[in-house]
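Colleague:
In the working numbering, the protein residues as written are 1445 to 1883.
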């Protein structure tokens, strides 16, 4: 008797590998043919056939010639393109093995969940190739010798890419396949080559993510080609005004279901990535709340950053896995105005310190300080003030007359300054005093 076990095997896990042992020890079959499908009948996106074939052969090598990992599905697809229907596979095996009784091997999860209702000519399969139902944990009444694990869970762990995720993979996937998965880990495609990408790419690589970079302008004008293979996700890091153009340029060029996120703080994914959403891609945004400019590239800026995240569940899960334990603000549910408010608050902290420092430098220069001394004063005051605010918070991290409730000194400081510096001091000093008094 010959058992035929088909599937995507994307990737193969311990349940797949232990299944032939159950068949052999229970005397169900004399040999097993394991056939990775070439074109999934339900339209699932899969890794390339040769990749899955290599994984499967590495996983099944322990069984020797008793298990035949076959390329039959690809041969059938080459001869007659179309979905890899199970009945076609079983007929082909029966033709090649005319002296054997051929039986379909199927998991109890597929039978009990009713998935066979969507199978091509399932009634004929049952009649001609009486299925052997293998008990799978969670889908059988008796004790099940096979572990409860799925390729879907393994793919989710691969997308996360964290140390904890790899520990889970190591418990669910044969060791030989784990090594291959590490070597074949899908990259993140970063679209854009500006300031954000300059910091994000080395940060991602330092965290162990393979990265491929793509020119956003080249995608839009047709001069850039996409890397080979299927990415873990695509992260768009171009100017806000160019995100929608890049999204439209990616439509039809990505594997179905590929996650796409953008890095802009003020733009909702549903607005700028609508073309990709309509094409069936999970979309979202992953915004680093950090100040990134050119010059010296410092991945540690993102290593300590907080992030704004929103989007479809798959995109949010991927984004949260990438940022790990970083602080995250959930941007889901914000309308366009509130999303802009989120980004404006980020800019208030990150951008407008420059106004205060420029006005202060102007005062010091008027008092005779040279540029080097002004720079030293700014660096000393900003560094100590930020460290106090981060470490102690408000009010403990605040110094100066407002902490003493001294409105008289605040007014004197305001009057001693000229022009914009005085206006800023009066506004900010009074506001700080009010906040501290309010508790």
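In this text, a Cβ means the ideal position worked out from N, Cα and C, and glycines have one as well.
Find the nearest neighbour of residue 1602 within the set 1491, 1532, 1574, 1696, judged by alpha-carbon distance.
Modeller: Out of 1491, 1532, 1574, 1696, 1491 has the C-alpha closest to the C-alpha of residue 1602.
Colleague: How many angstroms separate the CA atom of residue 1657 from the CA atom of residue 1731?
Modeller: Their backbone Cα atoms lie some 18 Å apart in a straight line.
Colleague: When the distance is taken between beta carbons, is residue 1704 closer than 7 Å to residue 1729?
Modeller: Contact flag unset, no.
Colleague: From what residue to what residue does the alpha helix (DSSP H) around residue 1529 run?
Modeller: Segment: none, residue 1529 is in no alpha helix (DSSP H) and carries neither H nor E.
Colleague: Assuming contact is defined by CB atoms lying nearer than 7 Å, are residue 1614 and residue 1635 in contact in what I supplied?
Modeller: No, the pair does not count as a contact, with Cβ atoms beyond the cut-off.
Colleague: Could you pull the DSSP bridge partners for residue 1677 from this structure?
Modeller: DSSP lists 1632 as partners of residue 1677.
Colleague: Quick check for students: name the residue ranges of the alpha helix (DSSP H) that lie wholly in the stretch 1710 to 1741, counting only runs of 4 or more.
Modeller: Correct list: 1713 to 1716, 1718 to 1722.
Colleague: Would you call the CB atoms of residue 1675 and residue 1633 closer than 7 Å?
Modeller: In contact: residue 1675 and residue 1633 (Cβ atoms closer than 7 Å).
Colleague: Could I get the ranges of all uninterrupted beta strand (DSSP E) runs contained in the stretch 1755 to 1842, with 3 residues as the minimum, in chain order?
Modeller: Qualifying beta strand (DSSP E) stretches, in chain order: 1772 to 1774.
Colleague: Put residue 1512 into one of helix, strand or coil per three-state DSSP.
Modeller: Residue state, collapsed to three classes: strand.
Colleague: Comparing alpha-carbon positions, which option in 1832, 1805, 1838 lies nearest residue 1887?
Modeller: Any question about residue 1887 goes unanswered here, given that the chain covers just 1445 to 1883.
Colleague: Quick one: using the 10 Å Cβ neighbour count with 16 as the cut-off for buried, is residue 1630 buried or exposed?
Modeller: By the 10 Å Cβ count, residue 1630 comes out buried.
Colleague: Are residue 1476 and residue 1447 touching if we call contact CB-CB under 7 Å?
Modeller: Yes, Cβ-Cβ distance for residue 1476 and residue 1447 is below 7 Å.
Colleague: Please give the ranges of any alpha helix (DSSP H) in the stretch 1516 to 1566, keeping only runs that are unbroken, at least 4 residues long and fully inside the region.
Modeller: Complete alpha helix (DSSP H) runs here, min 4: 1516 to 1523, 1530 to 1540, 1552 to 1557.
Colleague: Pop quiz: residue 1701 and residue 1724 are said to be a contact at Cβ under 8 Å. What is the actual Cβ separation, rounded to whole angstroms?
Modeller: Confirmed, about 7 Å.
Colleague: Using a Cβ-Cβ cut-off of 7 Å (strictly less than) and excluding sequence neighbours within five positions of residue 1794, which residues of its own chain qualify?
Modeller: The answer, listed in chain order, is 1735.
Colleague: Let's see if you can read the secondary structure: which residues bound the alpha helix (DSSP H) around residue 1658?
Modeller: Note, residue 1658: premise wrong, no alpha helix (DSSP H); beta strand (DSSP E) at 1655 to 1658.
Colleague: What did DSSP end up calling residue 1458 once you bin it into helix, strand or coil?
Modeller: Looking at residue 1458 - three-state DSSP - the assignment turns out to be helix.
Colleague: Distance check for residue 1576 and residue 1646, CA to CA, integer angstroms please.
Modeller: C-alpha separation (whole angstroms): 51 Å.
Colleague: Cα-Cα, which of 1667, 1733, 1644 is closest to residue 1792?
Modeller: Minimum Cα distance to residue 1792 is reached at 1733.
Colleague: Classify residue 1486: buried if its beta carbon has 16 or more other beta carbons within 10 angstroms, exposed otherwise.
Modeller: Residue 1486 comes out exposed.
Colleague: So, with DSSP's three-state summary, where would you put residue 1464?
Modeller: Of the three classes helix, strand and coil, the one that applies to residue 1464 here is helix, per DSSP.
Colleague: Roughly how many angstroms lie between the CA atoms of residue 1460 and residue 1480, to the nearest whole one?
Modeller: Each residue's alpha carbon lies about 12 Å from the other.
Colleague: On a Cα-Cα basis, can you pick out the residue from 1698, 1652, 1623, 1707 that is closest to residue 1641?
Modeller: Residue 1641 has its Cα closest to that of 1707, out of 1698, 1652, 1623, 1707.
Colleague: Distance check for residue 1756 and residue 1818, CA to CA, integer angstroms please.
Modeller: One C-alpha to the other measures close to 48 Å.
Colleague: Taking 7 Å as the limit between beta carbons, can you name the residues of its chain near residue 1776, skipping five residues before and five after?
Modeller: 1754.
Colleague: Could you round the C-beta distance between residue 1772 and residue 1764 to whole angstroms and report it? I think they count as a contact, below 8 Å.
Modeller: The Cβ separation is near 7 Å, so the contact holds.
Colleague: Taking just the CA atoms, how far does residue 1559 sit from residue 1592?
Modeller: Each residue's alpha carbon lies about 18 Å from the other.
Colleague: Excluding the 5 residues flanking residue 1889 on each side, which residues of the same chain have their C-beta closer than 7 Å to its C-beta?
Modeller: Outside the displayed range of the chain (1445 to 1883) lies residue 1889, so it cannot be described from this structure.
Colleague: Rounded to a whole number of angstroms, what is the C-alpha to C-alpha distance between residue 1813 and residue 1801?
Modeller: About 14 Å.
Colleague: Would you say residue 1521 and residue 1483 are within 7 Å of each other, going by their C-beta atoms?
Modeller: Result yes, Cβ atoms of residue 1521 and residue 1483 sit closer than 7 Å.
Colleague: Tell me, to the nearest whole angstrom, how far the beta carbon of residue 1748 is from that of residue 1786; I am working on the premise that it is less than 8 Å.
Modeller: That pair is no contact at about 20 Å.
Colleague: Assuming residue 1841 contacts residue 1832 (C-beta within less than 8 Å), just tell me the rounded distance between them.
Modeller: At roughly 4 Å, the Cβ-Cβ gap stays under 8 Å, so residue 1841 and residue 1832 are in contact.
Colleague: Identify every residue that forms a DSSP beta bridge with residue 1475.
Modeller: Looking at the DSSP assignment, residue 1475 forms a beta bridge with 1446.
Colleague: For residue 1480, name the three-state secondary structure that DSSP assigns.
Modeller: Residue 1480: strand per DSSP, three-state reduction.
Colleague: Does the Cβ-Cβ distance between residue 1854 and residue 1873 come in under 7 Å?
Modeller: Going by C-beta atoms, residue 1854 is nearer than 7 Å to residue 1873.
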